[in-house]
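Worksheet: one structure, shown below.
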DNA sequence: GCATGATCATGC
DNA sequence: GCATGATCATGC
């Protein structure tokens, strides 16, 4: 769907979507696209906190404040930016994540449920950027973003941590607080220097100013969870199942297929009209838009299909009911194909072990397309193990021999074949012998797919 | 009518 | 600019 250049300050998921547009971008990139005021260019500051302030002011266009309320009060969302470091094992937190300052005098009168901590930090919008020394804030690269709500068990531990910190203050020991006292939520020192000291209610001894902070380990845990979410595009997905109770009486397959029932026998134009959507006639994602329209998924991805790796394929039968076109898949890299040791771990086997969802149309007399069938499908074991394996072996063998134009043809195998798949003939890929050859991919034979679809 | 090569439209 | 799903074009 469209990329929003605006967001709704009252809607947490809208704010999150807006934040996710930042991933793999810097503010400078957005300035060049005209989405952020160029005045920021002058703001080439380096240093602590600068990124967070710039993001609030110039991207989200909210006033950075020092309030007890969260940054987006109506949505109860608190924006936090924090640096990442890259190591050989991936992305990790560079430091603890500092939250609000602890007011020793007031907190002793608070209860967890209504605490100033929870009021501000119950729903965090985390924006992680890659730390680079000396780089201006507008050039820092965002790598990860997402809303973070504490999982129930975590929240209990955080509650206990909070209580332990408050208990120490109540005992007049604010000056003895140590980060080692607690598990996820620590009380770290905070202040311009070691002399930033504050009064505490039950002792005359001045205590170092402290703030609540998630320990680095806990931040790393959050990072792993968000990366996983990002991998499955969860934030950019919409659900088919809006209400879990629907699955009490019906299987997931039945629910999905049921959604299409009212549209079977209708042409794509009629379906679009019934759904109230307008689609460009020549759009190659026409079918995709129809599918998501019927499933009432208004985002670019279908959440359940993403998580389960269900692949949607639209299939258009000819007037007579036959299938002309084979189905293409992502191109393979010659150099990587020959590195695959055994069939069981091959990319091709993994691809065809997935579950598919076929949306089948049939052409009519005037070129119109009628929705005739939807079905889940996965490749029968024998077809995969026997036929596809043989295509894979033959392809690998020929590539090793350098015969890039003598790969399995459609007539060589009942299930799959190899054919070019690039933007044009000049779209090439490196070969093991250091040359290049047209990008190619595995295809499922049209005739085979037609058999698998069965009666329509 | 099919096999095969080539290219288009879109999203990211 | 590239990957991908979808489709076109040509020749036998």
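Numbering (my numbering), first residue to last: 29 to 484. Note that beta-carbon positions come from the ideal geometry of N, C-alpha and C, so glycine has one too. Quick caveat: nothing in here was measured; it's all calculated off a predicted structure.
Subject >> Assigned secondary structure, residue 389 (DSSP; H/G/I helix, E/B strand, else coil) >> reply: strand
**OP:** Look up residue 8 in the DSSP assignment and give the residues it is bridged to.
**Re:** With the chain covering 29 to 484 only, the question about residue 8 has no answer from this structure.
Subject >> From 439, 240, 268, residue whose alpha carbon lies closest to that of residue 210 >> reply: 240
**OP:** Consult DSSP for residue 445 and reduce its assignment to one of helix, strand or coil.
**Re:** strand
**OP:** Please report how far the alpha carbon of residue 160 lies from the alpha carbon of residue 85, in whole angstroms.
**Re:** 21 Å
**OP:** Run the CB neighbour count on residue 296, radius 10 Å, all protein chains shown included, and call it buried at 16 or more, exposed below.
**Re:** buried
**OP:** Would you decide whether residue 439 is buried or exposed? Buried here means 16 or more other CB atoms lie within 10 Å of its CB.
**Re:** exposed
**OP:** Go through its chain and collect everything with a Cβ distance to residue 232's Cβ below 8 Å, but skip five positions before and after it.
**Re:** none
**OP:** Output yes or no for whether 7 Å exceeds the beta carbon distance between residue 384 and residue 371.
**Re:** no
**OP:** Have a look at residue 180 and residue 320 and give me their C-alpha separation to the nearest angstrom.
**Re:** 32 Å
**OP:** Whole angstroms is fine: what's the gap from residue 123's alpha carbon to residue 362's?
**Re:** 42 Å
Original post:
Quick one, which of 422, 187, 270 has its alpha-carbon nearest residue 12's?
Top reply: Residue 12 lies beyond the stretch modelled for the chain, which goes from 29 to 484, so this question has no answer here.
**OP:** Taking all protein chains shown into account, decide if residue 214 is buried (16 or more other Cβ within 10 angstroms of its Cβ) or exposed.
**Re:** buried
Original post:
Opposite residue 119 in the DSSP bridges: which residues?
Top reply: 114
**OP:** Look at residue 424 and residue 365 and say whether their C-beta atoms are less than 7 Å apart.
**Re:** yes
Original post:
For residue 78, which residues of its own chain have a beta-carbon under 6 Å away from its beta-carbon, when the five flanking residues on both sides are left out?
Top reply: 165
Original post:
Which class does residue 453 belong to by DSSP, given the choice of helix, strand or coil?
Top reply: coil
Original post:
For the region 290 to 305 against the region 405 to 417, are there 3 or more C-beta pairs whose distance is under 8 Å?
Top reply: no
Original post:
At which residues does the alpha helix (DSSP H) containing residue 183 begin and terminate?
Top reply: 180 to 198
Original post:
How many Å lie between residue 343 and residue 80 at the Cα?
Top reply: 48 Å
Original post:
According to DSSP, which residues form a beta bridge with residue 383?
Top reply: 338
Original post:
For residue 230, does the count of other Cβ atoms within 10 angstroms reach 16, so buried, or fall short, so exposed?
Top reply: exposed
Subject >> Proximal residues to residue 332 (C-beta, below 6 Å), its chain only, five neighbours per side dropped >> reply: 268
**OP:** Please name the residue in 173, 54, 135, 100 whose C-alpha comes closest to that of residue 109.
**Re:** 173
Subject >> C-alpha gap between residue 153 and residue 338, whole angstroms >> reply: 29 Å
Original post:
So, are the CB atoms of residue 198 and residue 205 less than 7 Å apart?
Top reply: no
Subject >> Euclidean distance between Cα positions of residue 299 and residue 480 >> reply: 25 Å
**OP:** Determine the extent of the beta strand (DSSP E) in which residue 356 is found, giving its start and end residues.
**Re:** 355 to 360
**OP:** Give me the Cβ distance between residue 359 and residue 475, rounded to the nearest whole Å; I'm assuming they're in contact under 8 Å.
**Re:** Contact doesn't hold; Cβ gap of about 22 Å is too wide.
Original post:
Using DSSP with H/G/I as helix, E/B as strand and the rest coil, what is residue 403?
Top reply: strand
Original post:
In or out: residue 256 buried (at least 16 other Cβ within 10 Å) or exposed?
Top reply: exposed
Subject >> Residues of its chain near residue 185, where Cβ-Cβ distance is below 7 Å and the 5 sequence neighbours each way are ignored >> reply: 211, 212
**OP:** Pull up the CB-CB distance for residue 238 and residue 216, whole angstroms please, since I reckon it's below 8 Å.
**Re:** 6 Å
**OP:** Compute the Euclidean distance between the alpha carbons of residue 355 and residue 379, then round it to the nearest angstrom.
**Re:** 13 Å
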